[in-house]
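Just so we're aligned, residue 147 is where the sequence shown starts under my numbering, counting upward by one. Each residue gets a CB set at the ideal place from its N, CA and C atoms; glycine is no exception. To start, the structure itself, in structure tokens.
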Amino acid sequence: MDALLSIFLPVSLGIIMLSLGLGLTVGDFVRIIRQPRALIAGLFAQVIILPLVAYAFVIAFGLSGELAFGVMILSVCPGGVTSNILTKLVGGTLALSISLTGLISLLSVITVPILIVFWAGLFMEAGSLDINITGLALAMFAITTVPVALGMIFRAIAPGLVSRIERGVSILATVLFVVIVLGALAASWDVFTANFATLAPLMFLMVITLLAMGWAIARIAGLTVRDRAAVAMETGIQNSTLGITLAAMMHAGPEVLPAIALPAAMYGILMYLGALPGGYLMRRATKGAE
């Protein structure tokens, strides 16, 4: 089972990140660099505000130990393909959403290992986790940066082939996401049922709060309504698959998956419920701006 997890989780995440890369071009990064306000707003909201909001919810709900650390792991993960899909559904600027997801995913090679070590020192007992910052950075590079880069290369050299397979890869990525989330919940079922009453409202309220914060920051930055929706979705919708994978990588205990993976797994389901009211309001705003 350990061997299966050590192979299945990273490979599945790699396929999910590859599907993101297939939708990216170098032009997307050039475009976002030429939009400094959107770039700064997106980075500020996701890299700085998001972990601070998550920490505030952890303290407010009285979480500690593994569950608190699990929430903070989720908070340092970049957005995923889901944020791009939801941005499109609410009428946000899809190119901005994809560009921010790609850029922050690449930056996560640096930001995630550093922040994980920091939060582990705050919530976990010394020696309870196997965290090697260099190894974690290399693993992040292998399971996020490399697949995204490969997707971009495939798109550049074989656009016709990519246009034929992109939908199939996207569907496969979605299926793998569902399998990972449900599998993580099943593996931590006792912890899940014991902590559902606390974690469920925390996750739901955190998503709504982050969507609102992302929108507010983008508005302060003077972005258009459609750009605000993109920044809001990037801030509120995180890559829960990466959170589960990171938890599994740092785990050295007898359990199939540790309790630190539970917040990310629960978030993988509840983020859709949290996104409903915010998404509805964003869709009304973007339609009114047309």
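In chain order, what residues of the same chain have a beta carbon less than 8 Å from the beta carbon of THR171, not counting five sequence neighbours either side? Counting from one through the sequence shown, the residue named residue 171 turns up at place 25. So the qualifying residues of the chain are MET298, ARG301 and ALA302.
Buried or exposed: which applies to ILE279, given that a residue is buried once 16 or more other Cβ atoms fall within 10 Å of its Cβ? Here residue 279 is taken as the residue at index 133 of the sequence shown, counted from 1. Counting Cβ neighbours within 10 Å, ILE279 comes out exposed, since fewer than 16 surround it.
Could you check which residue in SER245, LEU392, GLN192 and LEU416 has the C-alpha nearest to that of GLY169? Mapped onto the sequence shown, residue 169 falls at position 23. GLY169 has its Cα closest to that of SER245, out of SER245, LEU392, GLN192 and LEU416.
DSSP state of PRO400 mapped onto helix, strand, coil: Position 254 of the sequence shown holds residue 400. Because PRO400 carries a pLDDT of 49, less than 50, the predicted location of this residue cannot be relied on, and no value is offered for it.
With a threshold of 7 Å on Cβ separation, who are the neighbours of ARG374 within its own chain once the five nearest residues in sequence on each side are excluded? Within the sequence shown, numbered from 1, the residue matching residue 374 stands at position 228. Closer than 7 Å at Cβ, skipping near neighbours: TRP361, ALA364 and ARG365.
Is the CB-CB distance between GLY160 and PRO259 below 7 Å? Taking the first residue of the sequence shown as 1, we reach residue 160 at position 14. Taking the first residue of the sequence shown as 1, we reach residue 259 at position 113. Not a contact, by the Cβ cut-off of 7 Å.
Taking the alpha-carbon positions, what's the VAL402 to PHE203 distance? Taking the sequence shown and counting its residues from 1, the one referred to as residue 402 is at position 256. Taking the sequence shown and counting its residues from 1, the one referred to as residue 203 is at position 57. For VAL402, the predicted model reports a pLDDT of 49, less than 50, meaning its position is unreliable; a value from the coordinates is still stated below. Looking at the two C-alpha atoms, the distance is approximately 27 Å.
Between the alpha carbons of SER210 and ILE390, how many angstroms are there, rounded? The sequence position of residue 210 within the sequence shown is 64, counting from 1. The sequence position of residue 390 within the sequence shown is 244, counting from 1. Taking the straight line joining both Cα atoms gives about 18 Å.
Suppose the cutoff is 6 Å on Cβ atoms and the five residues either side in sequence are ignored; what does the same chain contact list for GLY185 look like? Numbered from its first residue, the sequence shown carries residue 185 at position 39. In the sequence as presented, Gly is not what sits at residue 185; that position holds Leu. Cβ within range, chain order: ILE178.
Look at ARG432 and ARG372 and say whether their C-beta atoms are less than 7 Å apart. Reading the sequence shown from its first residue, position 286 is the one you call residue 432. Reading the sequence shown from its first residue, position 226 is the one you call residue 372. Note that residue 432 corresponds to Thr in the displayed sequence, not to Arg. Cβ atoms of THR432 and ARG372: closer than 7 Å.
Just how far apart, CA to CA, sit TYR413 and GLY368? As a position in the sequence shown, residue 413 is number 267, starting the count at 1. As a position in the sequence shown, residue 368 is number 222, starting the count at 1. Each residue's alpha carbon lies about 30 Å from the other.
Look at LEU356 and VAL199 and say whether their C-beta atoms are less than 7 Å apart. Numbered from 1 along the sequence shown, position 210 holds the residue referred to as residue 356. Numbered from 1 along the sequence shown, position 53 holds the residue referred to as residue 199. Contact flag set, yes.
May I have the straight-line CA-CA distance separating ILE162 from SER316, to the nearest angstrom? Mapped onto the sequence shown, residue 162 falls at position 16. Mapped onto the sequence shown, residue 316 falls at position 170. C-alpha separation (whole angstroms): 8 Å.
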